[in-house]
Structure formats: structure tokens, C-alpha cells
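In terms of full-length UniProt numbering, the sequence shown opens at residue 8 and continues consecutively. In this text, a Cβ means the ideal position worked out from N, Cα and C, and glycines have one as well. Predicted model, so just to flag it, every value in this text is computed and none were measured.
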Amino acid sequence: QKFVYDFTEGNKDLKDLLGGKGANLAEMTNLGLPVPPGFTITTEACKVYLDSGDAPTALRDEVSAHLKALEERMGKRLGQADDPLLVSVRSGAKFSMPGMMDTVLNIGLSDASVAGLAAQSGDERFAWDSYRRLIQMFGKTVLGVDGDLFEEALEAAKDAKKVAVDTDLAAADLKKLVKQFKKIVESEAGRVFPQDAREQMDLAINAVFDSWNTDRAKLYRRQERIPGDLGTAVNVCSMVFGNLGPDSGTGVAFTRDPASGHQGVYGDYLQNAQGEDVVAGIRNTVPLADLESIDKKSYDQLMQIMETLENHYKDLCDIEFTIERGQLWMLQTRVGKRTAGAAFRIATQLVDQGLIDEAEALQRVNGAQLAQLMFPRFDDEAKTELLGRGIAASPGAAVGKAVFDSYTAIKWSRSGEKVILIRRETNPDDLEGMIAAEGILTSRGGKTSHAAVVARGMGKTCVCGAEDLEVDTKRRRMTVGGRVIEEGDLVSIDGSTGKVYLGEVPVVPSPVVEYFEGRMHAGADDADELVAAVHRIMAYADRVRRLRVRANADNAEDALRARRFGAQGIGLCRTEHMFLGERREMVEKLILADTDDERETALAALLPLQKADFIELFESMDGLPVTVRLLDPPLHEFLPDITELSVRVALAESRKDANENDLRLLQAVHKLHEQNPMLGLRGVRLGLVIPGLFAMQVRAIAEAAAQRKNAKGDPRAEIMIPLVGTVQELEIVREEADRVIAEVQAATGTDLKLTIGTMIELPRAALTAGQIAEAAQFFSFGTNDLTQTVWGFSRDDVEASFFTAYLEKGIFGVSPFETIDKDGVGALVRSAVEAGRATRPDLKLGVCGEHGGDPESVHFFHEVGLDYVSCSPFRIPVARLEAGRAAA
Ligand code: ADP
Ligand code: MG
Ligand code: MG
8 QKFVYDFTEG
18 NKDLKDLLGG
28 KGANLAEMTN
38 LGLPVPPGFT
48 ITTEACKVYL
58 DSGDAPTALR
68 DEVSAHLKAL
78 EERMGKRLGQ
88 ADDPLLVSVR
98 SGAKFSMPGM
108 MDTVLNIGLS
118 DASVAGLAAQ
128 SGDERFAWDS
138 YRRLIQMFGK
148 TVLGVDGDLF
158 EEALEAAKDA
168 KKVAVDTDLA
178 AADLKKLVKQ
188 FKKIVESEAG
198 RVFPQDAREQ
208 MDLAINAVFD
218 SWNTDRAKLY
228 RRQERIPGDL
238 GTAVNVCSMV
248 FGNLGPDSGT
258 GVAFTRDPAS
268 GHQGVYGDYL
278 QNAQGEDVVA
288 GIRNTVPLAD
298 LESIDKKSYD
308 QLMQIMETLE
318 NHYKDLCDIE
328 FTIERGQLWM
338 LQTRVGKRTA
348 GAAFRIATQL
358 VDQGLIDEAE
368 ALQRVNGAQL
378 AQLMFPRFDD
388 EAKTELLGRG
398 IAASPGAAVG
408 KAVFDSYTAI
418 KWSRSGEKVI
428 LIRRETNPDD
438 LEGMIAAEGI
448 LTSRGGKTSH
458 AAVVARGMGK
468 TCVCGAEDLE
478 VDTKRRRMTV
488 GGRVIEEGDL
498 VSIDGSTGKV
508 YLGEVPVVPS
518 PVVEYFEGRM
528 HAGADDADEL
538 VAAVHRIMAY
548 ADRVRRLRVR
558 ANADNAEDAL
568 RARRFGAQGI
578 GLCRTEHMFL
588 GERREMVEKL
598 ILADTDDERE
608 TALAALLPLQ
618 KADFIELFES
628 MDGLPVTVRL
638 LDPPLHEFLP
648 DITELSVRVA
658 LAESRKDANE
668 NDLRLLQAVH
678 KLHEQNPMLG
688 LRGVRLGLVI
698 PGLFAMQVRA
708 IAEAAAQRKN
718 AKGDPRAEIM
728 IPLVGTVQEL
738 EIVREEADRV
748 IAEVQAATGT
758 DLKLTIGTMI
768 ELPRAALTAG
778 QIAEAAQFFS
788 FGTNDLTQTV
798 WGFSRDDVEA
808 SFFTAYLEKG
818 IFGVSPFETI
828 DKDGVGALVR
838 SAVEAGRATR
848 PDLKLGVCGE
858 HGGDPESVHF
868 FHEVGLDYVS
878 CSPFRIPVAR
888 LEAGRAAA
């Protein structure tokens, strides 16, 4: 097994083994781009290290061999006193985890070689600056010293000299600082800063391995659903220097604007700086376009390289580069993160440029991004009080109370407050607070600062670099032009424009929703371009998808909206919603009925109401299937609360004026009270126990359909029986239903073509699907109940109790109520599909649980061969898109 690859040996498809950074450094090397030579230690080596606590034995020799080759190529040895080769030791996992793991620059500097570096570069200040950076980074990441101690010493040195930025410190100041830094290391880490270059390198490599398992890295992976066992690769890369004076510098660039997708020059540049200075937002950067006047030759070359990269990767790339005395070096590239809107725009732009086809365009976007574009925005018309303006780093409209530290953000959000996390700049320790906040606002840093990159990744609203804001974390407030915003004051931030407002700005629907609603008017140009892109992508998806998409809707209003959103029918109409409100009393009468007469009267009163509901529904979905589920929930849900009623009756009794009806009600409530209502008298069981209930509902459906038919409509009702566990239940219900339907058809002179099917939502139903299919013309998988019954836990209870612990322990990557549990619940679905179709080849198959609108689950349902998914109206576009992506 080979643990080390030279940059010339890898390529971009080896991300599993070399990590994203290593694979792309190799790809750029092979494209002939100027990459400083180096090599990559594989993720396999990291896995061995993490499993056994030790690097694999073969690794040391392999590293030695590669280091030797590198030294020969560069003509100097690592740490060589008179002319040291310096390297960076960089983390780099398969999936980018911005700022989560460690990197150490300038490895190879020591008390001896710092003089050599000064002599070789002719710049003493530079040499000492590089050395203090090494001790600082090494001390913090490898030896675990609190980074603030170094920062404070640096600040003190600047104060003592009365200068504002670190570039104003002279060689002598830095020399003193190095001494101080070494003392800090000694007292904090209990060891001296290692002077041996190879020891520095080996310790740094292990530290990078270890950084895979820091708390913040784990939290980030959970959030981003990155598997925990991938490990990181380690890149050893010869150093190039951006801190060699004004003709040097470092920067980041995008081949397109990651916020809009527009082509152009996007990025930040910082003169006379090294590595992390840009990302950390320590000094303010200049726009990349300014590089043209600073160093035209490097600028032109960079533009050329960016074009090469974009054509090669056929996608937006982001780039880290450094200029050392007029010589451009590429230090990193990858297919860049982007906002949801930009993803849609870029995908269609690339189709137009002929770089990708429509099927590929579908893979470049996803349902989560579409869902994000459907969020509301701030109302342009609203009266607002502008506080300031920053960089539009990650779109969205967020309103919340100002908080100035992550701890408060977490605490307040736990107690249900919406908060905006306001910082000068964020760092990886703020991750949890960022997750808890509605939005993030910083006063420093550009589009590539930590806050911006992480927020975009999470799809969270972010405005960064709002320089007018004076953030005072210690006093928990910020000032803007003399006005003070205290912790707890409401602020609104617009991540699409970068504007920051005082107070709560009202929000309006997104243009994408307006488009789906058919109300899109030519508004802002920006919106039109986005809408056009969404329109095209949706058309691709609709063209290729096999799954049909229906809506869960109980009334005409929802049904009509669903239709506008592209629903191809109703997959679930819950009739219990038709029994609530004023009708509750009628249901009470039904439940309390002692005699057949009383019961029949109660049912007869409900019939016309139900019928009227169905007529409306069938009309709104004319020509499309409407699956009506017969009454499902436990009866006690229609009765008053047991405690309340008991108290009322007891009070009345003490006053000796108890009313007869209340007493009967209380009796009924007691009788119907269940320990486990979810597993009690509900669904088909109700239909079998309360004579005439299901017959009434079937009659209402049939009469409504007949009326629509006679009015020249095209009703396509499907009757669905809930909670069936055995075919016998279904057979009994069907017999009665068939009789009622025949009666209605005869009486109205119609042929209704009603179909009768069942939900598959109990394990037994799934296990005996072959038998059940004999009595069912369709199956609809009720994956909510099926998940509850397969796992044996109740959704209403567990999400608040032990789910967080389960998620933290990694037992689930995601709640099985959100994304279908493929191995358990999914396996039952799969086998029920097969067994059902074996019995009845034309069996229609769908799903109507929440999973029907979940991207990952939609892919699963496509794969197992369902005919349709059904979800809430708002999720229909997402389901259409994901069904298209699954088929493309
Ligand atoms: P991250 O993944 O956090 O960006 P990197 O490994 O890319 O970490 O390195 C951090 C910073 O140091 C980046 O700005 C990078 O460009 C810079 N850097 C890394 N290696 C070198 C090198 N060999 N020479 C100069 N700068 C480097
Ligand atoms: Mg980087
Ligand atoms: Mg159910």
C-alpha cells in the first residue's frame, strides 16, 4: 500500500485518497499550472493513525523518500541553515471543511535557519515575520497553546510601537516577538519549540491527522452530513512567500461570482501578506480587480489560469494564490461553493456555453437549494432604517435579536428567540453559534472570510465586512454612526444586498414562489434572471422524471395552489380535517349514539357536508387523481380533554347541576381513553367498529363524483383505507364500499370508475403485501406511521426527547422521519413493492408520508419503482426537481 503521492502522481478523481486539496493540486500540476512542488499523504494513512493512534510504519520511510526528491528538485534541504527549504503542512479532506482543520506554514525555520532565510531573501524583516508565524501556528495547532496568548503579545508589540498593522513591525520588533513566542510555548506547552525541521514536520503531520477529530470538525460534519470515518489527507507543499514586500501578496479568487453566478473578476487580494491573512479578515483586502494596477503581468496570467480552470472543471472554481516577487503561484483550487441562486444560474449558463448538457445541469442543483430560493425576502416597499451596508455574502432575509457571542446565540435560540450573531469576524469556534443564529453579521472580512464561506455552506443568511459597524464584543453592543445597538435589540440583515437594518423589516414571498404561483411579474432584473434559470431547470426535470408528483391537500385552496406548483393529483386527502371546527359536535353525537337510530341520524347529518367538501376538491383537481383517505385518527381526538371535562363535571356536581350530556361525554371519554392511542382504535379499526361510518364516507365520495360527472367534470377519486394490517380487514371494508358505490352508480346513472386501495403503514401490511394486493388496487406507503411502527417510537414524543442524543452519538445521521431509513423502513417498502406487483402487475404505488418531499427519499422512491410521491404543496417543486435528478 502506497501512502504518499507526489503532486505529479495524482489527479482530481482521487479525492477519496488524496483529499480535495491534494487531488486538485495534482490536477493543476498536471495541467502545467505553476504549483509549488510537494506531495500528499493519503487519507488511508490518516485512518490507520486514527484507528491505532500511530502512523503506519511504512509512512516514515515513504515521507523521507518523497522529501528527499523534493529537496533535490528544489536544490536545498528542509531547514538547511544557510538556505532552508520551507514547507507547509496542510490538511485536506475529501469534502471541503473550511477552516475546520489545521495547516502549519513555514515548517523548517529555526534559530539557525532564520538567518539563512534572511540572507537568501535579502529581507531580514520577512525572515523573522515568517519565523514568528511558524511558532504561532505551530504553538497553537500542534502544541495546543491558546492562540490568544500569541495574538495578545502581537497586539502589545504593535501598541508599544504605536503602529496599527503587523507589516509596520520591523525586524528587531519581530525578533523580540519570536523570543516572547518561544517563552509562551515553553511555559504553556511544557516543552521548547522544536528546532529540528523534520521533527517539526512529523509533529505537524500528526497534528493534521488529529484535527480530523476536533469537536468543531465533528460538529461541522454532522451539520453537512459528511461521514465521520473518511479521514483527512496531508499535503506537504514547498513554501512560496507573499510576505516578501509590496511586490508580493496573497489572494483568493472565484471564476464567477459565487453569489450571482455572473462571470467577472471576483476575489480579494492582500499585498505583503501570507496565507491565512486573507481568509481571517485580519487586514482589509482590496478587490481582486485592483491587482491589475498593482501587478499587471501576474493579473493577466491569473485571468488566463482561471479560464483554463473553468473550462477544465466545467464549473465555478475557487482559487488560492500567492505572488512572490512578481511570480504567480497556485496554492489551491476546487469546484467552489455557491449560493442557491447562483447554482441555478451557473447551471444554465454552462449549458448555454456548451460546457455541460441538460442532464448534467440537473446534477448541478438540488432540492435543498430550490427550497432555499422559496424563502421569503424583505419587502422593498417597507419603511426601513438602514444601519449600514456590508458584503452580500449568503442570501436570505434574517430578522432577530442582536447577540455578540456564540454562547448567547446558543442560549437564546434554545429558549426560542431568533438571534442575529454579530461579530467582528467569526472563527471556527463560532460554529455552534452560527448554527443557532438566524443570520450572521460581521464588520470585517470579504466574500471569502470564514463567516461568508461557512454561512454559504449552511445556507444561512450572512452579511460580512460591514465596516461602518463598530462591534464591541466585550460590552455586548455595536455602534454605527453614533447610534448604539445593544444586545437584544432587533436587527434585520439582507444577505442578498448586504444591507443591515434596525428593527424588524417585513418580508415578502420570493420571486421563485411568485413564479410557481404564476404571479411572477417583471420585477427586479436580478429576480428575472433567476426565475428564468429555475424555469429552465424545472423543464429539464419534468422532461426526464419518471415519478409523478402529487400533493397532500385537504381542501380546494391547497389543491389549487398545489396544481399551480405542478401537482399531478392529490395523493392524500385527510378526511379527519373535515370533521373539525363546527362539525365537532356532530361527531360527538355520532360517538355518543346509543341506538342505531341515533347513529344513523348523526351520520346522515355529516353526509351532505362531506359530499360538499369532495365536490369542491374534485372540481379543483378535475382530470387528476384524488386519493381520499377514510377517517384515521383515534376517536378521542374529537372529544373534549379528559381532565378539563372531569373538572367541569365535578364542579357542576358540587353545585348539583351536572348536565346529562356532559356526564355521557365523560363516560365516553373514559371508555375511549387509550394508553397508546397511536396503536389503538383508529384507521380501518374504526371503520369496522362504528357501523355506517366508512359507508357514509364512501357514499359522500361516490355521490360527489357522480355529481361532478353529471356536470361534465372528470372526477378521478381513489378511496384509501388507512392502517390495514391484514387483507381480511380490507376485504370487509371493500365489500361494503363496493355495495355503496354500486347503489350510487345505479341511482345516478353513472360509471364512476372509483378505485379502492390501502395505505401500507404497518409492518404486517408490508410483510403480507402480496395478500393485501389481492384486495387493493393501489398502495400508498404511509412512511410516517411505518417509521414509527418499524422503529417502535412515536414521532410526537421522541424528537424532543432522545433524538438529539442519538444524532450526537451518530446513531442517525438524520432523523428517520425526515429522510427515509433505507435499510429498515426502506427495505420493507422495497419488498412490499415487489410482492404487491407480483400479485397485481398493474398495482399503482405511491408514498404519502413527509418523506415524499424529502430530496434523498425521493431518489430512493424512484429507485424502488414507485409511480408517484405525494407531499405538501410547498414541497412539490422540490419533489419534481429531485425526481428529475433521480432519473437523469
Ligand atoms: P485551508 O484549507 O484552511 O484554506 P490551507 O492548507 O489552504 O488551509 O492553507 C492556509 C493558507 O495558507 C491558505 O491561504 C494557503 O493559500 C496558504 N498556504 C498553504 N500552503 C502554502 C505554501 N506552500 N506557500 C504559501 N502559502 C501557503
Ligand atoms: Mg485553503
Ligand atoms: Mg398513518
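Which one or two residues does DSSP pair with residue 509 in a beta bridge? Answer by DSSP bridge pairing, in chain order: 392, 498.
Jot down the residue ranges of each uninterrupted beta strand (DSSP E) in the region 323-403, minimum 3 residues, whole runs only, in chain order. Restricting attention to beta strand (DSSP E) runs no shorter than 3 residues, the region 323-403 encloses them at 324-331, 334-342, 392-396, 398-401, ordered along the chain.
Residues of its chain near residue 892, where Cβ-Cβ distance is below 6 Å and the 5 sequence neighbours each way are ignored: In the same chain as residue 892, and ignoring 5 residues on each side of it, the C-beta atoms closer than 6 Å to its own belong to 369, in chain order.
Is it the case that the region 255-268 contacts the region 290-298, given that we only count it when at least three CB pairs across the two stretches are under 8 Å? The region 290-298 vs the region 255-268: in contact.
Quick one: residues in its chain with C-beta nearer than 7 Å to the C-beta of residue 844, no 5 flanking neighbours on either side, listed in chain order? Closer than 7 Å at Cβ, skipping near neighbours: 850.
Quick one, what's near ligand 2 if you take every residue whose CB is closer than 6 Å to any heavy atom, in chain order? Residues close to ligand 2 by the beta carbon criterion (under 6 Å to any non-hydrogen atom) are, from first to last along the chain, 327, 339.
Cβ of residue 539 within 8 Å of any chain B Cβ: In the displayed structure, chain B is absent; only one protein chain is listed.
Taking the beta carbon of residue 833 as the centre, do at least 16 other beta carbons fall within 10 Å, making it buried, or is it exposed? By the neighbour-count rule (16 or more Cβ atoms within 10 Å), residue 833 is buried.
Along the chain, where does the beta strand (DSSP E) that runs through residue 636 open and close? For residue 636, the enclosing beta strand (DSSP E) stretches over residues 632-636.
Sorted by chain position, which residues of the same chain lie with C-beta nearer than 8 Å to residue 630's C-beta, five sequence neighbours on each side aside? 721, 723, listed in sequence order.
Would the C-beta of residue 247 count as close to ligand 1, meaning under 7 Å from any of its heavy atoms? Within the cutoff, so yes.
Whole-number beta carbon distance between residue 248 and residue 331, since they are thought to touch under 8 Å: Contact holds; Cβ gap of about 5 Å.
Should residue 282 be counted as a contact of ligand 1 given a C-beta to heavy atom distance under 7 Å? Checking every heavy atom of ligand 1 against the Cβ of residue 282, one is found closer than 7 Å.
Residue 703 - DSSP class collapsed to helix/strand/coil: Secondary structure of residue 703 (DSSP, three-state): helix.
Classify residue 617: buried if its beta carbon has 16 or more other beta carbons within 10 angstroms, exposed otherwise. Residue 617 is buried by the Cβ-count criterion.
Can at least three beta-carbon pairs, one atom from the region 410-424 and one from the region 435-444, be found at a separation below 8 Å? For the pair of segments examined, the region 410-424 was found to touch the region 435-444: the number of CB pairs separated by less than 8 Å reaches three.
For residue 463, name the three-state secondary structure that DSSP assigns. Here residue 463 sits in helix by DSSP.
Nearest-angstrom Cα distance between residue 799 and residue 571? The C-alpha of residue 799 lies about 38 Å from the C-alpha of residue 571.
Rounded to a whole number of angstroms, what is the C-alpha to C-alpha distance between residue 13 and residue 122? Cα to Cα, the separation comes out at about 30 Å.
Give me the DSSP bridge partner(s) of residue 270. Residue 270 is bridged to 263.
With DSSP as the reference, label residue 485 as helix, strand or coil. If DSSP states are grouped into helix, strand and coil, residue 485 belongs with the strands.
Within 10 angstroms of the Cβ of residue 848, are there 16 or more other Cβ atoms? Answer buried if so, exposed if not. The residue in question, residue 848, is exposed, as its Cβ has fewer than 16 Cβ neighbours within 10 Å.
Could you check what DSSP says for residue 246 in three-state terms: helix, strand or coil? Of the three classes helix, strand and coil, the one that applies to residue 246 here is coil, per DSSP.
Specify, as a first and last residue, the run of the beta strand (DSSP E) that residue 112 falls within. That run of the beta strand (DSSP E) goes 110-114.
My parser needs the alpha helix (DSSP H) runs of 4 or more residues fully inside the region 88-157; what are they? Within the region 88-157, the complete alpha helix (DSSP H) segments of 4 residues or longer fall at 120-128, 131-144, listed in chain order.
Any chance the CB of residue 765 is under 7 Å from a heavy atom of ligand 1? Incorrect: residue 765 has no Cβ contact closer than 7 Å to ligand 1.
According to DSSP, residues forming a beta bridge with residue 828: Partner(s): none; residue 828 has no beta bridge.
Closest by CA to residue 669, which one among 681, 646, 691, 689? Closest option to residue 669, Cα to Cα, is 646.
By the 10 Å Cβ neighbour count, where 16 or more other Cβ atoms means buried, how is residue 561 classified, buried or exposed? Buried, since its Cβ has 16 or more Cβ neighbours within 10 Å.
Going by DSSP, what residues sit across from residue 657 in a beta bridge? DSSP lists no beta-bridge partner residue for residue 657.
Three or more beta-carbon pairs under 8 Å between the region 218-225 and the region 115-134, yes or no? These segments do not touch.
Who pairs with residue 725 in a beta bridge, going by DSSP? Under the DSSP definition of a beta bridge, residue 725 partners with 634, 762.
One question on the structure: do residue 541 and residue 351 come within less than 8 Å of each other, judged by their Cβ atoms? Cβ distance < 8 Å, so residue 541 and residue 351 count as in contact.
According to DSSP, residue 580 sits in a beta bridge with which residue or residues? BP columns for residue 580 point to 635.
For residue 596 and residue 827, the rounded distance between their alpha carbons: Distance between residue 827 and residue 596, taken at the CA atoms: about 40 Å.
Segments assigned alpha helix (DSSP H), at least 4 residues, entirely inside the region 166-220: Those alpha helix (DSSP H) runs which fall completely within the region 166-220 and span 4+ residues are 178-196, 204-218.
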